[in-house]
Amino acid sequence: MVVQTPAIESSDRQHTVAIVDDIPSNLTYFKEALETFGYQTITAENGKEALEKIMATMPDLVLSDVNMPEMNGYELCEALKGTEETRDVPVILVTAQDDRDALIRGLEIGADDFLIKPVNLSELQARVRNLLIIKDFRDQSKVYTQHLEDEVARRTSDLNAAVVELKSLNVQLKGSIQDTIQRLSTAAEYRDNDTAAHIWRMSHYSKVVAKSLGLSRDIVENVLYSSPMHDVGKIGTPDYILLKRGKLTPDEKKIMDAHTTIGESILSGSDHPLLVMAREVAGNHHEWWNGEGYPRKIRGEEIPLTARIVAVADVYDALTTKRVYKEAWSIDDAFTHLEEGAGTHFDPTCVGAILDARDDILAIQNSTEHQQMLKAEENKT
Ligand SMILES: [Fe+2]
Ligand SMILES: [Fe+2]
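This is the structure we're talking about:
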C-alpha cells in the first residue's frame, strides 16, 4: 500500500523555552541569552507558576532551577514527565554545584539534561539546540505515526464498507435467483396437476432429508431452493400427454419422461451453485437406485445425492396427498412404502434419513404456513 506521508525534516519555526528560577537576575540572564539565540521565552518564579504557564502555552523546552520555593525543580520535572501532554517536553535542570546525588535524582525523575552554575552560555546554547532537534524529530515522528494510523483506519473502514456492500449484493443476488426459481416452478405448475402446496412441501421435505443426512448448511439451503424445479421440464410436455387421464402409450411415456432432460436443458449454462444443483435434480429425480429409472438408467451413487433426496421427498408427498384417483396415505403407510422401496427405487440412506426425521416431516405438514396454503387452494377450486 502506498501512503502519502508527511516528510520528517528539521523544523525552522521559532521555539519557545520556559525559564523557571526564583532569582529575578537569573531569569533576566537566561531570558536575554535565549532570546539572543533566537528563541521565544516565557518565565516563572517557581515550579507551581511554571506548571500553570507550561500547561497553557506548551513550550518546546523547560529550563528550570532546582532549589525554589512552592515547588522545586525536581517536583516540576516529575509533574511534567507524569503528564501525557508534557511528557515529551525536554527539561534541563540547573543545579548550584556539581552535586552527584542531585544529578542522579534528576535522572531518575526523567530530566533530559543538566547545567551547572555558573552557566556557560555556549554550553547552554548547545544543550538547548540538541534537545530541540530531538524534540522536533519526536514531534514529527508522532505526526507521521498518527498519519499512518489514520490512513490504516480509513482504509480498514473502506474495506469493511466494501465487504458489507458485497454481502448485501450477494444477498440481493441470492434473492433474485430464488425469486426466478419460484417463478419458473410456478410456470411448471400451470402445466400440471401439481400445486403450489406440493412444491412447497416437497422442497421442505427435501431440506429435512438433507439436514438429517448431516449435509452442510449451505447445501441444505440450496436443496430447499433447487428442489422446487424438479419438474420444470414439464413446461415442454404437450397437454394431451400431461393432462391425459388414462394410461400413457409407450411413445407417450417416452415424451412424458423427457421432462427430465428438458428440465436439464432449461437449467443448463449457469455455474451458480443453486442452478447447477437444480439442473442435477431436474435431470435425475426419476433415476432409481437399482438402475431401473429414467432417463439414463444410472444407478446407486452415480445418481447425484440431491436427486436421490428429492426422489424420496417427492414420492413421499405424492403418497400422503389426496388425488382424484386415491385418498391420502397415512405417514406410517407412506414410510412403509419408502422402506420397501429402499435399495430398489430409493437410496436406503435417504430413506433412513426421512424415517429419522419423522417429527420434522409432521411439523411441515402441520405448520400454519402449510395450512394457509391448503386453504388458499381450496378457495381457488
Ligand atoms: Fe418429475
Ligand atoms: Fe413433484
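Reminder that position 130 of the sequence shown reads as 225 in the working numbering, one-by-one numbering, no gaps.
Backbone N, C-alpha and C define an ideal beta-carbon position, used for all residues, glycine too.
Close beta carbons around residue i, own chain, < 7 Å, minus the five adjacent residues each side
i    : result
T415 : A423, W424, I426 and A429
L279 : M324 and V327
Distance, residue j Cα to residue i Cα
i    : j    : result
G168 : Y239 : 32 Å
G177 : V184 : 11 Å
S298 : E246 : 50 Å
I336 : A458 : 35 Å
V115 : D234 : 23 Å
L308 : E473 : 34 Å
H465 : Q241 : 60 Å
V376 : H354 : 12 Å
H367 : V315 : 16 Å
Q467 : L254 : 45 Å
Residue i burial status per 10 Å Cβ neighbour count (16 or more: buried)
i    : result
V304 : buried
L343 : exposed
D409 : buried
E359 : buried
L261 : exposed
E218 : exposed
Per-residue DSSP class, three states only, for residue i
i    : result
V115 : strand
L158 : strand
L457 : helix
F125 : helix
F209 : strand
K230 : helix
T463 : helix
K329 : helix
F132 : coil
V186 : strand
K262 : helix
M324 : helix
Contacting residues, own chain, Cβ-Cβ under 6 Å from residue i (five flanking each side not counted)
i    : result
M372 : N317, S321 and T401
P443 : A437
Of the listed residues the options, nearest to residue i (C-alpha basis)
i    : options                   : result
A221 : V419, D116 and G133       : G133
W383 : L370, I228, I398 and R296 : I398
M351 : I330, K148 and L216       : I330
H381 : L369, T356, K417 and I361 : T356
Q135 : R224, L158 and H110       : H110
I229 : T181, I137, D155 and E387 : D155
K306 : L122, G142 and A448       : A448
Close Cβ partners of residue i (< 8 Å) along its chain, the five nearest in sequence each way excluded
i    : result
E173 : I204 and G205
V161 : N167, G168, Y169, L188, V189, T190, A191, A197 and G201
E104 : The predicted model places E104 with a pLDDT of 46, which falls under 50 and marks its position as unreliable; any figure quoted below should be read in that light. Cβ neighbours of E104 beyond the five flanking positions: Q235.
D412 : H293, R296, M297 and Y300
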